[in-house]
Amino acid sequence: MYENITLFQTSGALSKYASQRQAITATNIANSDTPGFQAKRLSAFTAEVDGRIQRQTRAGHMSLSPSTAAVSETTTGISPNGNSVSLELEMVESIESQRQHQRALTIYKHGLDILRTSLGRR
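Numbering that gives the first Met the number 0 puts the sequence shown at residues 0 to 121.
In structure tokens, the structure reads:
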């Protein structure tokens, strides 16, 4: 029932995106001292959603799966051993992923509250 409401699709997609972003950050941290390892980043979630909304022709055609988010390697700040992982930047990425996941849960919870209130089940 809830999967057909765009608000819940968006919050679910944001949650999945935050999970993917956290997994990539964990991989980067785990390889922070691997010679030649290039840190990876996901493209921005807003760009993913905006692109899909602009191409939407009918409500049934919109899919908010973040699985197509582009993963790119960073080449800035390469150390002498060829590694481009910055632990400080990875900490910031991890915190931002946590915030995105919390934001997704908050959106989902408020959506449920609105539905319950409209049905008189509060």
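Yeah, the Cβ is synthetic: ideal placement off N, Cα and C, and Gly gets one too.
What three-state label does DSSP hand residue i in the structure shown?
i: Ser14; result: helix
i: Leu104; result: helix
i: Leu41; result: strand
i: Leu118; result: coil
i: Ser85; result: coil
i: Ile77; result: coil
i: Asn27; result: helix
i: Asp32; result: coil
i: Ile113; result: helix
i: Ile94; result: helix
Would residue i and residue j be called neighbours here (beta carbons separated by less than 9 Å)?
i: Glu72; j: Lys39; result: yes
i: Ser11; j: Ala103; result: Per the sequence shown, residue 11 should be read as Gly rather than Ser. Cβ distance < 9 Å, so Gly11 and Ala103 count as in contact.
i: His100; j: Ala17; result: yes
i: Val70; j: Ile23; result: yes
Just to confirm the assignment, what range does the beta strand (DSSP E) spanning residue i have?
i: Ser71; result: 70-72
Using 8 Å as the cut-off, can you tell me whether the region 78-89 makes contact with the region 3-21, which would need three or more C-beta pairs spanning the two stretches below that distance? Flag = no, the region 78-89 and the region 3-21 do not touch.
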